[in-house]
Amino acid sequence: MTLSYPSPYARRVPLHRHPAIAPVISSGVRPAFNFNKHYRITEEPELAAGNATRATAGGGGIEWGAWLELTDKAERITTSSLALLSDVFLNIPTLLPPEECPGGAQSWYPTMVMTLEFKFPIPATAADRTVGIFTSGTFINDPRGRHDTYVEVWSAPSDIGEGETAVRKGWRDQQVCLAVASQMALTVSAEVNMRRARM
Numbered sequence: 200m201t202l203s204y205p206s207p208y209a210r211r212v213p214l215h216r217h218p219a220i221a222p223v224i225s226s227g228v229r230p231a232f233n234f235n236k237h238y239r240i241t242e243e244p245e246l247a248a249g250n251a252t253r254a255t256a257g258g259g260g261i262e263w264g265a266w267l268e269l270t271d272k273a274e275r276i277t278t279s280s281l282a283l284l285s286d287v288f289l290n291i292p293t294l295l296p297p298e299e300c301p302g303g304a305q306s307w308y309p310t311m312v313m314t315l316e317f318k319f320p321i322p323a324t325a326a327d328r329t330v331g332i333f334t335s336g337t338f339i340n341d342p343r344g345r346h347d348t349y350v351e352v353w354s355a356p357s358d359i360g361e362g363e364t365a366v367r368k369g370w371r372d373q374q375v376c377l378a379v380a381s382q383m384a385l386t387v388s389a390e391v392n393m394r395r396a397r398m
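Position 99 (the sequence shown) corresponds to 298 in our numbering; numbering is contiguous.
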């Protein structure tokens, strides 16, 4: 049994914009990461706009999403690369306003526990170098600002920036969730990581 399109109960890719026309963020997920030059990502302002407005029963929490593309044209998204891609996102504290998370911009978020479940094989029709990443998180608490994150990695209908001609009708219904992950991370001063790098 498979729950998929056209069932109205099937999960669809939760990103609002097609990667071919989505705005690109020039700085990557984390400007300090050495591998930033190997990928680029898009913005999903609709997700960011909803973060402060979930005030209904069971509301709250933070969502983030983007299309991520490997910039080397010889690279390919593979099943094994989904493990890394499931851990490349903006952590919840970085998405909060500064008054909600003092010092968040100067922190490091080491992953302590992570589970990964592969859902679908990468379709032959999917983009070779691009995936969609959607995350949500609901709790930040002591000790050490530990926080939970749920991650979905999706197939992509095209690579980033291919233009309007790459947008096909029904593109959202043709994408599949490749993997889901959950993790617990800590909030640690970035100085801890920088000291280790200098050793």
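Beta carbons: idealized from backbone N, C-alpha and C, even for Gly.
Since this is a predicted model, take the numbers as computed values, not measurements.
>> Alpha carbons only, please: which of V366, A323, V350, T252 is nearest the one belonging to A265?
In response: Your numbering for residue 265 matches position 66 in the sequence shown. It is V350.
> Can you tell me the Cα-Cα spacing of E268 and P222, whole angstroms?
Replying inline: The sequence position of residue 268 within the sequence shown is 69, counting from 1. The sequence position of residue 222 within the sequence shown is 23, counting from 1. Straight-line Cα distance between these residues: approximately 13 Å.
> Does DSSP classify S153 as helix, strand or coil?
Replying inline: The chain is shown from 200 up to 398; residue 153 falls before or after that span and cannot be answered.
>> In whole angstroms, give me the CA-to-CA distance for R239 and T329.
In response: Taking the sequence shown and counting its residues from 1, the one referred to as residue 239 is at position 40. Taking the sequence shown and counting its residues from 1, the one referred to as residue 329 is at position 130. Cα-Cα distance, rounded: 9 Å.
> A247 lies in the alpha helix (DSSP H); which residues open and close that run?
Replying inline: Working through the sequence shown from its first residue, we reach residue 247 at position 48. Here the alpha helix (DSSP H) through A247 covers 244–249.
>> Restricting to runs no shorter than 4 residues, where is the alpha helix (DSSP H) found entirely within the stretch 279–336?
In response: 280–284, 291–294
>> Once the 5 residues before and after G260 are set aside, which same chain residues still bring their CB inside 7 Å of it?
In response: Taking the sequence shown and counting its residues from 1, the one referred to as residue 260 is at position 61. Excluding residues within five positions, the ones whose Cβ falls inside 7 Å are R253, S335, G336, T337.
> How would you write the range of the beta strand (DSSP E) that L269 sits in, first residue to last?
Replying inline: Counting from 1 along the sequence shown, the entry for residue 269 is found at position 70. L269 -> beta strand (DSSP E) spans 261–269.
>> Taking the straight line between their C-alpha atoms, what separation do you get for P297 and T201?
In response: Start at 1 with the first residue of the sequence shown, and residue 297 comes out as number 98. Start at 1 with the first residue of the sequence shown, and residue 201 comes out as number 2. Rounded to the nearest angstrom, the two C-alpha atoms are 43 Å apart.
> On the three-state DSSP scale, how would you describe A384?
Replying inline: By 1-based counting over the sequence shown, the position of residue 384 is 185. If DSSP states are grouped into helix, strand and coil, A384 belongs with the strands.
> Nearest-angstrom Cα distance between E196 and S279?
Replying inline: Only positions 200 to 398 of the chain appear in the structure, and residue 196 is not among them; the question remains open.
>> Can you tell me whether P356 is buried or exposed? The criterion is at least 16 other CB atoms within 10 Å of its CB, across all chains shown.
In response: Translated into the one-based positions of the sequence shown, residue 356 becomes position 157. Per the 10 Å Cβ criterion, buried.
> So is A323 buried or exposed if we call it buried at 16+ other beta carbons inside 10 Å?
Replying inline: Position 124 of the sequence shown, counting from 1, holds the residue named residue 323. It is exposed - the Cβ of A323 has fewer than 16 other Cβ atoms within 10 Å.
> Taking T241 as the reference, which of A251, I224, N235 has the closest Cα?
Replying inline: Position 42 of the sequence shown, counting from 1, holds the residue named residue 241. Checking every option, the nearest Cα to that of T241 belongs to I224.
> Under the rule that 16 or more other beta-carbon atoms within 10 Å means buried, what is Q374, buried or exposed?
Replying inline: Translated into the one-based positions of the sequence shown, residue 374 becomes position 175. Under this definition Q374 is a buried residue.
> Do the stretch 206–217 and the stretch 369–384 meet, that is, are 3 or more Cβ pairs less than 8 Å apart?
Replying inline: yes
>> Distance check for R367 and L284, CA to CA, integer angstroms please.
In response: Along the sequence shown, one-based indexing puts residue 284 at 85. Along the sequence shown, one-based indexing puts residue 367 at 168. One C-alpha to the other measures close to 25 Å.
>> Within the continuous beta strand (DSSP E) that includes S354, where are the two ends?
In response: Along the sequence shown, read from residue 1 onward, the residue named residue 354 stands at position 155. 345–354 is the span of the beta strand (DSSP E), which, as asked, contains S354.
> In chain order, what residues of the same chain have a beta carbon less than 7 Å from the beta carbon of A378, not counting five sequence neighbours either side?
Replying inline: The residue labelled residue 378 in the question sits at position 179 within the sequence shown. These residues qualify, in order along the chain: L281, S285, L315, E316, F317, K318, V352.
> Given a threshold of 16 other Cβ atoms within 10 Å of its Cβ, counted over all protein chains shown, does N290 qualify as buried or as exposed?
Replying inline: Along the sequence shown, read from residue 1 onward, the residue named residue 290 stands at position 91. Flag for N290 reads buried.
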